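Structure first, then comments.
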Amino acid sequence: MQRSSRSRAPLDPPPAPPPSPPGRPPTARLERGRAAEALVRRELERRGWTVLGTNVRAGRGELDLCALAGGVLHVVEVRSRVGGHAGHPLESVGPAKRRRLARTVAVALAEGRLPRQREVRYDVATVVWPEAGGAPRIEVFEGAFDALDLW
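All the letters of the sequence shown, read from the start, carry residue numbers 30 to 180 under the numbering used here.
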């Protein structure tokens, strides 16, 4: 598993969270999640990855981000936390979640929602928001798990 991290410069403010769906007030957690996905998308694009879609629905599941880089289809699960008191966000992607992601990818490929690639990589991107403000810490764990190890 490759690990890379990047803290954004203080002059580069985080993007404004996208608006909530009409008729439903957003929760702080939902807004943070959306903002985290936007930050990760921006980071992947900065690296030269082509983002194919966000919140890709297939079957009963949803994939946070799907991107192409170097002929590899990257399925990126985005996790975020405020501060570090509840553990690292990567720890929240357990075996059950990994199996659901792999099933959702299989359905998305079968339905033609994602392009067939020789290699599919399961990545996890984490965003840790500082409690006292400041720049969030973004980490991308490429190849965080292998779908073949799940069954």
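Heads up, the beta-carbon is just placed ideally off N, CA and C, and yes, glycines get one too.
Given the structure is predicted, the values throughout are model-derived calculations rather than measurements.
TODO: In angstroms with no decimal places, state the Cα-to-Cα distance between alanine 176 and valine 69.
DONE: 22 Å
Margin query: Given this structure, state the Cα-to-Cα distance separating valine 111 from glutamate 168, to the nearest angstrom.
Written below: 14 Å
Query raised in the report: With contact counted as at least three CB pairs below 8 Å, one residue from each stretch, are the region 128–142 and the region 158–167 in contact?
Result: no
query = Residues in its own chain within less than 6 Å of glycine 90 by CB, not counting five upstream and five downstream?
reply = Arg129 and Thr133
Going by DSSP in three states, aspartate 175 sits in which element: helix, strand or coil? coil
**Report entry** DSSP three-state assignment for arginine 150, whether helix, strand or coil
**Finding:** strand
_Contact the region 97–111 vs the region 69–79: 3+ CB pairs below 8 Å_ = yes
- Could you check the C-alpha separation between alanine 154 and phenylalanine 174 for me, to the nearest Å? 12 Å
Mind checking glutamate 148: buried by the 16 CB within 10 Å criterion, or exposed?
exposed
Note to self: List, from N- to C-terminal side, the alpha helix (DSSP H) runs of 4 residues or more that fit wholly inside the region 84–122.
What the structure shows: none
query: So threonine 56 is in the alpha helix (DSSP H); what residue range does that whole segment cover?
result: It is not in any alpha helix (DSSP H) - threonine 56 carries neither H nor E in the DSSP assignment.
Per DSSP, what are the beta-bridge partners of valine 80 in this structure? Ala96
In whole angstroms, what separates the C-alpha of arginine 108 from that of alanine 135? 21 Å
Next on the checklist: Can you find the residues in the same chain that come closer than 8 Å, C-beta to C-beta, to glutamine 146, ignoring five residues on each side of it along the sequence?
Outcome noted: Leu97, Gly100, Val101 and Leu102
Reduced DSSP secondary structure (H/G/I, E/B, other) of glutamate 168
Glutamate 168 falls in the strand class under three-state DSSP.
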